[in-house]
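For our numbering, count along the sequence shown from 1 and bump the result up by 17. All residues carry an ideal CB built from backbone N, CA and C; glycine is no exception. Quick notes on the structure that follows.
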Amino acid sequence: MPFYCFLALFACGVTSIVLSVVLAGVKIRKDESLTKYRTAHWFLCAALLFYGLSNFFQISLEDAQEETLSGLLMITVGSLQAMMFTMVALIFIRPAVVTLRNVSVQFTIIALLSAFLFFAHFTFPPSVYTVIFRFYIAAYVTLLAIYTYIFLKSYKVFRKQMMDYYEEEELLYRTRRIKWIFWSALAVGIMALLLNIDSHYVNMLFTSLFTAYFILVTISYINYQQYAQLIVHAYDSTTTQQDTPQKSLTPEEADELKTRIHEWVRQKKFAETDKSVDEIAGELGTKCNTLREYFTNCVGEDFRSWRNRIRIEEAKRLIDANPSMKITEVMAQTGFNDRPYFYRIFTKIAGTSLADYRKDKAERQLPAKS
């Protein structure tokens, strides 16, 4: 094995094991709602440890064995990692579908097939091994396809649940890293298939990229903890689905609700974030579906669109008063947490970019100051 390949494998192995230890030491709040999140935590630790040890195993091989087994190691490690990362991503978006039983079954099947593949490599004639290896590749491609289908289906449910419960598109925008974890894991899995060549150089490239990916996933996972409870609460709550008004709003009830909404806006309650529709409806003295009915029939737009419009109008008012005001301050006072999302919604509602709007207001104030 060339020295630079040895160095790359050693560095990646050490990095992965250190990441596993560091992640194992990350404290997660002792909250029942975070049980599945803690499970994902140990999945990720196990994936990091397994990957690090596989690098050291490859280092321990003799040159002839290492050259022959590099492609085999790549595809078997890729299979196990595909399962691990899919389960982590699913725990984030739909915790109920991931159980210890189904994970154990999947892990056992993949581990047994991988072990049999190694056994066939050393035991069977090359012609027989080639057939077995092709079947394994076909199973691997099928596995990636199944995981992609499961993730897409689960993400669709996740998106609907979050929108129904929070009426807050920004929360989905802030949790976009979940999709990134899955799609990047899929890309790595496909890369393991395409780069399945017995070559030191290719193996070193794949190992380095995979380790960099692990670092980014670990960072994303740690940052994600702040959203875990919000997602769990959206799934645990059944009031949104069960809350059906007994009758339509009367004109008197609509007028009374309109008055309460005006007061709610005057108190700038719209700037409060990560609140469910049920919580907001409770503040307004009504029920979730009644609130939605009011906005649909009396306002002519849904609550989410209305609130975004109110927030952007407030942002424009703040900028009009002080064009040099920091964007972070504007966001904090209008209920936005994600800068790219704020820019996108501002442009959509105001009809111009935030930068152009601020520039225009600043230029208009110049004559007044001179």
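- Excluding sequence positions up to five before and after asparagine 72, its CB lies within less than 6 Å of the CB of Leu26, Cys29 and Gly30, all in the same chain and listed in chain order.
- Isoleucine 327 and phenylalanine 287 have their alpha carbons spaced roughly 8 Å apart.
- Sequence-distant partners of tryptophan 281 (beyond 5 residues in either direction) whose C-beta falls short of 7 Å from its own C-beta, in its chain, are Glu300 and Leu301.
- In the three-state reduction of the DSSP assignment, phenylalanine 353 falls in the coil class.
- Across the structure, isoleucine 110 and leucine 61 are spaced so that their CA atoms are roughly 16 Å apart.
- For tyrosine 190, the closest C-alpha among the options Tyr218, Ser201 and Phe175 is that of Phe175.
- Methionine 179 and glutamate 346 have their C-alpha atoms spaced approximately 26 Å apart.
- Here aspartate 373 carries a helix assignment [DSSP, helix/strand/coil].
- The straight-line gap separating the alpha-carbon atoms of valine 39 and alanine 155 is approximately 36 Å.
- Looking at the backbone, the Cα of alanine 137 and that of isoleucine 92 are separated by about 15 Å.
- The shortest C-alpha to C-alpha distance from aspartate 181 to any of Ile329, Pro357, Phe139 and Phe320 is the one to Phe320.
- DSSP places methionine 100 within a helical segment (H, G or I) once states are collapsed to three.
- C-alpha of lysine 275 to C-alpha of glycine 206: approximately 54 Å in a straight line.
- Listed in chain order, the non-local C-beta contacts of alanine 245 below 7 Å within the same chain comprise Leu51 and Tyr54, local neighbours out to five positions each way being set aside.
- Restricted to the segment 194–228, the alpha helix (DSSP H) segments that are unbroken, complete and at least 4 residues in length are 194–211, listed in chain order.
- Look at valine 294 here: in three-state DSSP terms it is helix.
- Along the segment 22–80, the alpha helix (DSSP H) occurs as fully enclosed runs of 4 or more residues at 52–77, listed in sequence order.
- Within the same chain, Met100 come within 7 Å of glutamine 123 by CB-CB distance, once the 5 residues on both sides are set aside.
- Boundaries of the alpha helix (DSSP H) harbouring arginine 309: 305–311, taken from the DSSP string.
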